[in-house]
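Inspection log for the structure reproduced underneath, given as structure tokens.
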């Protein structure tokens, strides 16, 4: 009678099970992490709660192959509430930062306004890098990008290295050109890459 038994997910060869888990657990779009102060559990697919074997095999796929997106403050909450072993599996987090520039600041007519914008970006960069480093040794790769949302509606994924040079030089014209260049590519899959 064994020959007529239907195979289950747990009895098929590991390679085939791995392919199935990848099809089920990897999202083609980014996974949006909403701010949920009352929810302490990570947002994981129900399949990962079926049994210990599927959880052990599925967690590295879910956290390692997907891209998670959150606003900067939520990024820390999301990573900090993961168990340490699970947090080490996360590879890609897209993080948005609202710069809060208004129409006047975008015209770059007032140097004081420009300095305030640069100060906000500099402060954010330090907080984000320190925050990620403090999370179990994760660190930010400098060749990756930062999502800047300004005027509440425009978004640009800007390479961190280029952004830091513009901010350090307080060069409003080249910064505006940088935003214009990268806002055209706002739909790209630009990411924060986090490595253990």
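In the numbering used here, the protein residues as written are 2 to 197. Where a beta carbon is used, it is the ideal one built from N, C-alpha and C, also for glycine. Keep in mind that this is a model prediction, so the values were computed, not measured.
{"Item": "Residue 62: first and last residue of the uninterrupted alpha helix (DSSP H) it sits in", "Value": "53-66"}
{"Item": "Sub-9 Å separation of residue 59 and residue 26 beta-carbons", "Value": "yes"}
{"Item": "Per-residue DSSP class, three states only, for residue 33", "Value": "strand"}
{"Item": "With 16 other Cβ atoms within 10 Å as the buried cut-off, status of residue 51", "Value": "exposed"}
{"Item": "Anticipated Cβ contact below 8 Å, residue 87 with residue 64, distance rounded", "Value": "6 Å"}
{"Item": "Reduced DSSP secondary structure (H/G/I, E/B, other) of residue 94", "Value": "strand"}
{"Item": "C-beta atoms of residue 22 and residue 32 nearer than 9 Å", "Value": "no"}
{"Item": "Pairwise C-alpha distance: residue 79 and residue 13", "Value": "34 Å"}
{"Item": "Beta-carbon proximity of residue 93 to residue 68, cut-off 9 Å", "Value": "yes"}
{"Item": "Cβ shell of residue 49 (< 6 Å), same chain only, five flanking positions each side left out", "Value": "56 and 59"}
{"Item": "7 Å Cβ shell around residue 84 - same chain, five flanking residues per side excluded", "Value": "none"}
{"Item": "Cβ-Cβ distance between residue 71 and residue 24 below 9 Å", "Value": "no"}
{"Item": "Reference residue 20, options 7, 66 and 91, closest by Cα", "Value": "66"}
{"Item": "Proximal residues to residue 54 (C-beta, below 8 Å), its chain only, five neighbours per side dropped", "Value": "11"}
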